[in-house]
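This report refers to the structure that appears directly beneath it.
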Amino acid sequence: MIVNTSLKDIEAVLGLYKMASDFKKTVSGVQWPEFEKSMIESEIEENRHFKIVVDEEVACVWSITYEDQQVWGKQNTDPAIYIHRIATNPNFRGQKFVEQIVEWAKKFAKENHKLYVRMDTTAGNQRLIDYYVKCGFSYLGEKKMTDTEGLPDHYHNATMGLFQLEV
215 MIVNTSLKDI
225 EAVLGLYKMA
235 SDFKKTVSGV
245 QWPEFEKSMI
255 ESEIEENRHF
265 KIVVDEEVAC
275 VWSITYEDQQ
285 VWGKQNTDPA
295 IYIHRIATNP
305 NFRGQKFVEQ
315 IVEWAKKFAK
325 ENHKLYVRMD
335 TTAGNQRLID
345 YYVKCGFSYL
355 GEKKMTDTEG
365 LPDHYHNATM
375 GLFQLEV
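The sequence shown begins at 215 in my numbering and counts up one residue at a time.
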């Protein structure tokens, strides 16, 4: 079941991000930074943070934005939602949550009069690129990040892979 994350979930969310960061480092050598609690709280309060719940346990989390100028540049003017920071509880890996998120995102985008669902990830992880393409995204290539002020640390001096799905 996909629902909005609530403030009472904040410790579970931060824990999932820590586990995902540790896992990411082992498979790709890239690690997410520790995300600011206040950033997550703002996303929750703005109804932009979501979770998949299985047996009353938070199994997967992610956030969305309605613009992403620093990553997408001129394309930011297109009507789109941007998915960020998908993190899955290790006890629930393999349950195709990204595929569920994609189906949810297509519906959510249409309901909000958006034409695209977009994502980015650190470039160079071919396995992840292939997976996102399998989930329906087009891989648009890489972008070297330059203007990263205010973005989480993993964007600084990074090259990002960009993905787009037309709805």
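Glycine included, each C-beta is placed from N, C-alpha and C at the ideal position. The structure displayed is predicted, hence computed values, not measured ones.
For residue i, the three-state DSSP class (helix, strand or coil)
i: residue 305; result: helix
i: residue 264; result: strand
i: residue 292; result: coil
i: residue 437; result: Past the boundaries of the shown model lies residue 437; the chain is included only from 215 to 381, so the question cannot be answered.
i: residue 298; result: strand
i: residue 313; result: helix
i: residue 280; result: coil
Top-ranked residue by Cα proximity to residue i, from the options
i: residue 306; options: 283, 272, 372; result: 272
i: residue 384; options: 268, 270, 279, 320; result: Because the chain spans 215 through 381 in this model, residue 384 falls outside it and cannot be assessed.
i: residue 310; options: 268, 378, 362; result: 268
i: residue 226; options: 289, 276, 378, 371; result: 276
i: residue 264; options: 360, 344, 319; result: 319
i: residue 179; options: 251, 338, 287; result: There is no way to answer for residue 179, as the model of the chain reaches only from 215 to 381.
i: residue 358; options: 270, 338, 325; result: 338
Residues of its chain near residue i, where Cβ-Cβ distance is below 7 angstroms and the 5 sequence neighbours each way are ignored
i: residue 355; result: 376
i: residue 255; result: 221, 224
i: residue 349; result: 312, 313, 316
i: residue 292; result: 329, 330
i: residue 251; result: 224, 228
i: residue 378; result: 330, 332, 351, 352, 354
Same chain, Cβ closer than 8 angstroms to residue i, five either side skipped, listed in chain order
i: residue 249; result: 228, 231, 299, 366
i: residue 323; result: 294, 295, 329, 330, 331, 381
i: residue 233; result: 301, 303, 304
i: residue 345; result: 312
The ligand GTP heavy atom lying under 7 angstroms from the CB of residue i
i: residue 293; result: This structure lacks the ligand GTP, and indeed carries no ligand of any kind.
Nearest-angstrom Cβ-Cβ length linking residue i and residue j, presumed shorter than 8 angstroms
i: residue 285; j: residue 374; result: 6 angstroms
i: residue 362; j: residue 353; result: Rounded, the Cβ-Cβ distance is 22 angstroms, inconsistent with contact.
i: residue 336; j: residue 372; result: 6 angstroms
i: residue 261; j: residue 303; result: Incorrect: roughly 22 angstroms between the Cβ atoms, too far for contact.
i: residue 297; j: residue 333; result: 5 angstroms
Close-in-space but distant-in-sequence residues of the same chain around residue i (CB under 6 angstroms, 5 per side omitted)
i: residue 266; result: 216, 273, 274, 311
i: residue 283; result: 290
i: residue 321; result: none
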